[in-house]
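Take 1 as the starting number for the sequence shown in full-length UniProt numbering and just add one per residue.
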Amino acid sequence: MANRSNNGQQAVMSARFFQKLASGVPGVLFTYWLSADRQSHRYPFVSNQVQTLFGADPSVLNENADSVFSMIHPDDAGAVVDSIQESARTLKPWRYRARLKLKTGNYEWFEAHSEPERQPDGSTIWYGQFHNIQHYKELEQSLRDSEAEFSFQAGFQKLIARLSTEFINLGFGTIDQCIDELLTSIGEFFEVDRAYLYGFSEDYSVMINTHEWCREGVPALIDTQQEVPIEDFHWWHEQIDGMVAGNRVVFIEDVDRLPHEAATERALLQEQGVSSLFCVPIRVRGKVTGFFGVDSLRRRTWREDQADLLIIVSGLLSGALERHRLEEELLNQSIRDPLTGLHNRRYLMPRLDEMLGRSNRRGEKFALAMFDIDHFKRINDSIGHLGGDYILQRFADILLRQTRSMDVVSRFGGEEFIVVFSAVEQGDVPQLVLRILEAVHDERFVFDEQAIAVTVSAGVAGIDEFADSPATPDALISLADHRLYLAKQAGRGCLVDASGTLRI
1 MANRSNNGQQ AVMSARFFQK LASGVPGVLF TYWLSADRQS HRYPFVSNQV QTLFGADPSV
61 LNENADSVFS MIHPDDAGAV VDSIQESART LKPWRYRARL KLKTGNYEWF EAHSEPERQP
121 DGSTIWYGQF HNIQHYKELE QSLRDSEAEF SFQAGFQKLI ARLSTEFINL GFGTIDQCID
181 ELLTSIGEFF EVDRAYLYGF SEDYSVMINT HEWCREGVPA LIDTQQEVPI EDFHWWHEQI
241 DGMVAGNRVV FIEDVDRLPH EAATERALLQ EQGVSSLFCV PIRVRGKVTG FFGVDSLRRR
301 TWREDQADLL IIVSGLLSGA LERHRLEEEL LNQSIRDPLT GLHNRRYLMP RLDEMLGRSN
361 RRGEKFALAM FDIDHFKRIN DSIGHLGGDY ILQRFADILL RQTRSMDVVS RFGGEEFIVV
421 FSAVEQGDVP QLVLRILEAV HDERFVFDEQ AIAVTVSAGV AGIDEFADSP ATPDALISLA
481 DHRLYLAKQA GRGCLVDASG TLRI
């Protein structure tokens, strides 16, 4: 009787001893028992920390472990059970990480370590502990986030450097290809669905989609976004004003939540499938000339610095467009006559070489007409050089009106002009030239209230006339110039070609 009492006291003291010992451990110490048939389980011993952390009564867990398993995060629960079953089968140590629900209602990460031991009846007992590793998981996530952010920033800088190099090495005529490459690269990098560039008319009344990239499977909008009147969209017009006056970025986080006054814009964007978008102004020479934008067709979380990153892209675009415009102006100054705006000899001669090459390879026909304003020195002497400039400009206007965009119209020097008629038969050219002579005849030239009589002579040479001799730009021009001289000799105000003299 005394021995039984002593044994009971020792058991109580032993349980108290282990609880006191376990109370000094940050985590939860436990023994976990699983029946041989895997149908019942309990914690023969579990430290009081389980109540402090999770609000679970150790005495209840002594009988049934279900309440602990109910605290496991739903996404982790299945894998935890599987790992215990595997440890019971193989008797390998059980180590696992899972999220457990605290008394506060929040889930935090815990890590368990235990050693299994098979019992004579086929059941299994694990001796171990589990402790909170939330801090380490947060640090781990922070490191991953930092690494991902570093990788993102490095990738963005590398992308901008590559695109900058392409724009720096930009040659004449390749700006469109470079813009297309930029939109493709930016669209794929930010994983958006569309990236595009719009231009504004001078008075900001119209916007035009000039370039567009779309993710595979996303319908293009560029064909429907030409000459779009901004006045029809009042809310959007206010956003444009903000771009122009304040250099502001337009960010629509959720198209469905646009204000009531943007009902028209909301309907259009919903029709286009847009969920959210960014638009960033493009400036050339200090003036907003358009905007660069990206669309997302799905709800997404944008980076907090998304606007800043897109501003860097728009700055790259702005610089490239400004440089290209300057280069175009310089190029135009070098190949255009400053008085009439027509192309000059520097532009004409390479074009003639190109046309001769196509004629040799493909048999393309063309003809050259040289025009000279009759008695131009007499006109200069009578009304002065400003009057002479006026006549030259008016004749240049006539040439542009009477020719096609595919023809090359140039001022060759002084009062001489050359028109190269593309894709024409030799027999059709006289009528084209006579039409120009007739237009000059019908035009009323008045300078300082003084009417001036103006006529023009012309000489024509066709590529067909060089079947037996090599054709060169100089040979064509020389033949046309000789026939122009013959037209002057024939009384002026006429043309001379291979067939002879023709008058209007």
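Where is the CB? At the ideal position from N, CA and C, for every residue including glycine.
Item to check | Other residues of its chain near Asp-464: CB distance less than 6 Å, five sequence neighbours each side excluded | outcome: Within the sequence shown, residue 464 is the residue found at index 464, counting from 1. Closer than 6 Å at Cβ, skipping near neighbours: Gln-426.
Checklist entry - What is the DSSP secondary structure of Leu-486, reduced to helix, strand or coil? => result The residue labelled residue 486 in the question sits at position 486 within the sequence shown. If DSSP states are grouped into helix, strand and coil, Leu-486 belongs with the helices.
Checklist entry - With contact counted as at least three CB pairs below 8 Å, one residue from each stretch, are the region 483-490 and the region 417-436 in contact? => result no
Item to check | Backbone CA spacing between Pro-473 and Asn-360 [nearest angstrom] | outcome: Position 473 of the sequence shown holds residue 473. Position 360 of the sequence shown holds residue 360. If you take the alpha carbons of Pro-473 and Asn-360, they lie about 13 Å apart.
Item to check | Bounding residues of the beta strand (DSSP E) (the contiguous stretch that carries Trp-213) | outcome: Residue mapping note: residue 213 aligns to position 213 of the sequence shown, counting from 1. That run of the beta strand (DSSP E) goes 206-214.
Item to check | Short Cβ contact (7 Å threshold) for Ile-504 with Leu-437 | outcome: Along the sequence shown, one-based indexing puts residue 504 at 504. Along the sequence shown, one-based indexing puts residue 437 at 437. The answer is yes: Cβ separation under 7 Å.
Item to check | Cut-off 7 Å between Cβ atoms - residues of its own chain near Asp-389, not counting five sequence neighbours on either side | outcome: As a first step, residue 389 is located in the sequence shown; it is residue number 389 there, counting from the start. For Asp-389, where only same-chain residues beyond five positions count, the Cβ hits under 7 Å are Leu-339.
Checklist entry - By DSSP, does Met-243 sit in helix, in strand, or in coil? => result Your numbering for residue 243 matches position 243 in the sequence shown. Here Met-243 sits in helix by DSSP.
Checklist entry - Of the choices Asp-203, Arg-358, Phe-150 and Pro-93, whose alpha-carbon is the least far from that of Val-288? => result In the sequence shown, counting from the first residue as 1, residue 288 sits at position 288. Considering only alpha carbons, the answer is Asp-203.
Next on the checklist: By DSSP's criteria, Thr-31 is part of a beta bridge. Which residues make up the other side?
Outcome noted: What you label residue 31 is simply residue 31 of the sequence shown in a count that begins at 1. DSSP lists Phe-45 and Tyr-127 as partners of Thr-31.
Next on the checklist: Quick check: Phe-292 and Phe-251, are their CB atoms within less than 7 Å of each other?
Outcome noted: Here residue 292 is taken as the residue at index 292 of the sequence shown, counted from 1. Here residue 251 is taken as the residue at index 251 of the sequence shown, counted from 1. Against a cut-off of 7 Å, the Cβ pair of Phe-251 and Phe-292 comes out as no contact.
Next on the checklist: Judging by CA-CA distance, which residue of Pro-44, Asp-497, Gln-119 and Phe-200 is the nearest neighbour of Met-243?
Outcome noted: Residue 243 sits at position 243 when you count from the first residue of the sequence shown. If we check each option's Cα against that of Met-243, Phe-200 comes out closest.
Checklist entry - Which partner residues of Gly-290 appear in the DSSP bridge assignment? => result In the sequence shown, residue 290 corresponds to position 290, counting from 1. Paired residues: Gly-199 and Ile-282.
Checklist entry - How do the region 367-387 and the region 473-485 stand: do at least 3 beta-carbon pairs fall below 8 Å, yes or no? => result yes
Next on the checklist: Does chain C have any CB closer than 7 Å to the CB of Ser-405?
Outcome noted: No chain C is present in this structure, which holds just one protein chain.
Next on the checklist: Helix, strand or coil for Phe-172? Go by DSSP, reduced to three states.
Outcome noted: Position 172 of the sequence shown, counting from 1, holds the residue named residue 172. Bear in mind that the predicted position of Phe-172 carries a pLDDT of just 46, short of 50, making it too unreliable to give a figure here.
Checklist entry - Does DSSP classify Met-370 as helix, strand or coil? => result Here residue 370 corresponds to residue number 370 of the sequence shown, with the count starting at 1. Here Met-370 sits in strand by DSSP.
Checklist entry - Near Asp-76, which residues of its chain fall below 6 Å by C-beta distance, leaving aside the five closest residues on each side in sequence? => result As a working mapping, residue 76 is identified with position 76 in the sequence shown. The residues are Ala-98 and Arg-99.
Checklist entry - Looking at the structure shown, is His-495 part of a helix, part of a strand, or coil, going by DSSP? => result In the sequence shown, residue 495 corresponds to position 495, counting from 1. According to the sequence shown, residue 495 is Leu rather than His. DSSP places Leu-495 in strand when its eight states are reduced to three.
Item to check | Distance between Arg-285 and Gly-384 (C-alpha atoms, nearest Å) | outcome: As a working mapping, residue 384 is identified with position 384 in the sequence shown. As a working mapping, residue 285 is identified with position 285 in the sequence shown. The alpha-carbon atoms of Gly-384 and Arg-285 are separated by roughly 38 Å.
Checklist entry - Candidates Ala-471, Asn-48 and Ser-457: which alpha carbon is nearest Gly-363's? => result Here residue 363 is taken as the residue at index 363 of the sequence shown, counted from 1. It is Ala-471.
Checklist entry - So Glu-111 packs on His-135, CB below 8 Å; how close in whole Å? => result For the purposes of this step, residue 111 is identified with residue 111 of the sequence shown, where counting begins at 1. For the purposes of this step, residue 135 is identified with residue 135 of the sequence shown, where counting begins at 1. Contact doesn't hold; Cβ gap of about 12 Å is too wide.
Checklist entry - What is the C-beta distance between Leu-434 and Phe-421, in whole angstroms, given that I count them as a contact (C-beta under 8 Å)? => result In the sequence shown, counting from the first residue as 1, residue 434 sits at position 434. In the sequence shown, counting from the first residue as 1, residue 421 sits at position 421. Contact flag wrong, Cβ pair sits at about 13 Å.
Item to check | Unbroken stretches of the beta strand (DSSP E), 3 residues or longer, contained in the region 426-483 | outcome: 445-447, 450-452 and 456-462
Checklist entry - From which residue to which residue does the beta strand (DSSP E) around Ala-262 run? => result As a position in the sequence shown, residue 262 is number 262, starting the count at 1. It is not in any beta strand (DSSP E) - Ala-262 carries neither H nor E in the DSSP assignment.
Checklist entry - What did DSSP end up calling Asp-76 once you bin it into helix, strand or coil? => result The count along the sequence shown starts at 1 and reaches residue 76 at position 76. In the structure shown, Asp-76 sits in a helix (DSSP, three-state: H, G or I).
Checklist entry - Out of Asn-48, Ala-263 and Thr-31, which has the shortest C-alpha to C-alpha gap to His-41? => result One-based indexing of the sequence shown puts residue 41 at position 41. Of the listed residues, the one whose Cα sits closest to His-41 is Thr-31.
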